[in-house]
Amino acid sequence: MVEFDISRNAQLISFSTFKRDSGFLSEIKIFNTNLKAEQTIFSGERFIKNLTADNLGQRCAYLSTTDTAKRKVYQLFLYNEAVKGEKLNLLADTLNNGFPENYTVSENGTMYFSRNDEKLYVGIAEKPEFEEKDTLLPEEKVVMDLWTWKDEQLQPQQLQQLEREKKRTYLSVFHIKTGKTVQLATEDFRDVRTFQKGNADYGLTSYDKPYRISQSWQMPNYRDVYFVDFVTGAKTLLKQKVEAETNLSPNGKYLYWY
Numbered sequence: 001m002v003e004f005d006i007s008r009n010a011q012l013i014s015f016s017t018f019k020r021d022s023g024f025l026s027e028i029k030i031f032n033t034n035l036k037a038e039q040t041i042f043s044g045e046r047f048i049k050n051l052t053a054d055n056l057g058q059r060c061a062y063l064s065t066t067d068t069a070k071r072k073v074y075q076l077f078l079y080n081e082a083v084k085g086e087k088l089n090l091l092a093d094t095l096n097n098g099f100p101e102n103y104t105v106s107e108n109g110t111m112y113f114s115r116n117d118e119k120l121y122v123g124i125a126e127k128p129e130f131e132e133k134d135t136l137l138p139e140e141k142v143v144m145d146l147w148t149w150k151d152e153q154l155q156p157q158q159l160q161q162l163e164r165e166k167k168r169t170y171l172s173v174f175h176i177k178t179g180k181t182v183q184l185a186t187e188d189f190r191d192v193r194t195f196q197k198g199n200a201d202y203g204l205t206s207y208d209k210p211y212r213i214s215q216s217w218q219m220p221n222y223r224d225v226y227f228v229d230f231v232t233g234a235k236t237l238l239k240q241k242v243e244a245e246t247n248l249s250p251n252g253k254y255l256y257w258y
């Protein structure tokens with residue numbers, strides 16, 4: 001067994017296995033705890049990652065690829081027990097995904113369903129570039145670390161966050177009923193907060209680029225707060241230069257901070 005996940009109501013247990021012989025074989029199986037029945041929903045020569053069960057025990061999503069490179073390009077699949085006909089469907093690949101050009105789903109992102117199972121949240125990132133084999137010896141390489149006082153972050157901070165930035169993903173949402181995919185986070189709006197356990201069609205994000213240099217000597221940090229429409233992806237400015245923690249009221253009509 002490689003991965004497993006259990007639905008919130010414990011009705012569905014999904015798990016993946018990997019076997020290697022002359023080639024390799026991956027399988028995804030689901031076990032219905034009510035019916036005491038096991039079913040194989042996929043079997044083939046593909047790598048499986050981020051297997052995720054929903055809340056009601058009717059769906060599971062996962063990333064899959066035939067790519068053997070170290071940094072892989074994945075496709076997004078959704079198994080839906082509740083629909084008639086074909087239950088396993090491709091939601092996104094490199095050619096048809098609703099994401100910006102050269103972006104795809106990433107194994108580094110957290111994948112999860114909204115509490116009502118109407119949305120699937122995924123992380124996207126730029127497609128990994130093909131890395132040519134490096135034939136240089138270590139002593140033949142020149143390593144440089146450049147920094148100027150105009151950089152948005154101090155050099156130690158850049159180095160400390162380097163690995164995290166390499167794995168950064170941008171939150172996107174797949175609306176299961178309509179089949180629409182919407183990118184929520186971007187390079188400028190890096191983090192998006194969901195509400196009502198992911199059920200709400202809105203969220204909050206912030207933009208701090210104008211204030212990043214001043215963060216080197218000033219605390220707390222300033223940022224501009226935006227309202228995010230999860231149906232269109234549109235962002236609306238709510239308040240500029242906020243230095244406090246912000247939140248939305250339960251119905252999403254009011255912004256408050258302290």
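Mapping the sequence shown onto our numbering, position 126 (from 1) lands on 126, and the numbers just tick up by one.
Ideal Cβ placement from N, Cα and C applies to all residues, glycine included.
Source: prediction; values computed, not measured.
Within the same chain, show all residues whose beta-carbon is closer than 6 Å to that of residue i, passing over the 5 residues directly before and after it, in chain order.
| i | result |
| --- | --- |
| K166 | none |
| S249 | none |
| S43 | E27 |
| Q155 | W147 |
| L78 | A61, N89 and L91 |
| R212 | E152 |
| G98 | T181 |
Please report the straight-line C-alpha distance between residue i and residue j, rounded to a whole angstrom.
| i | j | result |
| --- | --- | --- |
| G179 | F24 | 32 Å |
| T194 | N34 | 32 Å |
| G57 | F230 | 24 Å |
| T94 | L136 | 32 Å |
| H175 | L237 | 24 Å |
| T17 | V2 | 5 Å |
| N247 | Y202 | 12 Å |
| K29 | N108 | 23 Å |
| S206 | K235 | 10 Å |
| Q240 | G233 | 20 Å |
| L90 | S106 | 15 Å |
| E86 | N80 | 9 Å |
| Q153 | Q215 | 8 Å |
| L133 | L171 | Residue 133 is actually Lys in this sequence, not Leu. The straight-line gap from Cα to Cα measures roughly 32 Å. |
What did DSSP end up calling residue i once you bin it into helix, strand or coil?
| i | result |
| --- | --- |
| R212 | coil |
| Q218 | coil |
| L146 | coil |
| Q271 | The structure shown has nothing for residue 271, since the chain only spans 1 to 258. |
| L162 | helix |
| K49 | strand |
| K197 | helix |
| E277 | For residue 277 there is no data in the structure shown, the boundaries of the chain being 1 and 258. |
| E140 | helix |
| R223 | strand |
| R20 | strand |
| L95 | coil |
| K167 | coil |
| V231 | coil |
| S206 | strand |
| Q11 | coil |
| Y256 | strand |
| I124 | strand |
| D151 | coil |
| T246 | strand |
| I6 | strand |
Keeping to the same chain, check which residues put their C-beta closer than 8 Å to that of residue i; ignore five residues upstream and five downstream.
| i | result |
| --- | --- |
| K177 | E118 |
| Y258 | A244 and E245 |
| V73 | T65, D67, T94, T104, K127 and P128 |
| K209 | E152 and D188 |
The ligand GDP heavy atoms versus the CB of residue i: any closer than 7 Å?
| i | result |
| --- | --- |
| M1 | As far as ligands go, the structure on display features none, and thus does not contain the ligand GDP. |
Kindly list the residues whose CB is nearer than 7 Å to the CB of residue i, restricted to its own chain and excluding five residues on each side of it in sequence; keep chain order.
| i | result |
| --- | --- |
| T110 | G123 |
*Please confirm if the stretch 174-192 is in contact with the stretch 210-222, defined as three or more CB-CB distances below 8 Å between the two stretches.*
Result no; under three Cβ-Cβ pairs closer than 8 Å.
*asked:* Does the structure place the stretch 9-20 close enough to the stretch 54-70 that three or more beta carbon pairs sit under 8 Å?
replied: These segments touch.
*Assess, as a yes-or-no matter, whether the stretch 195-210 is touched by the stretch 102-116 under the definition of 3 or more beta carbon pairs within less than 8 Å.*
Three or more beta-carbon pairs separated by less than 8 Å link the stretch 102-116 to the stretch 195-210, which places the two stretches in contact.
*Only counting runs of 3 or more residues, tell me where the beta strand (DSSP E) segments fall wholly within the stretch 25-73, in order along the chain.*
Counting only runs of 3 or more, we get 37-44, 47-53 and 59-65.
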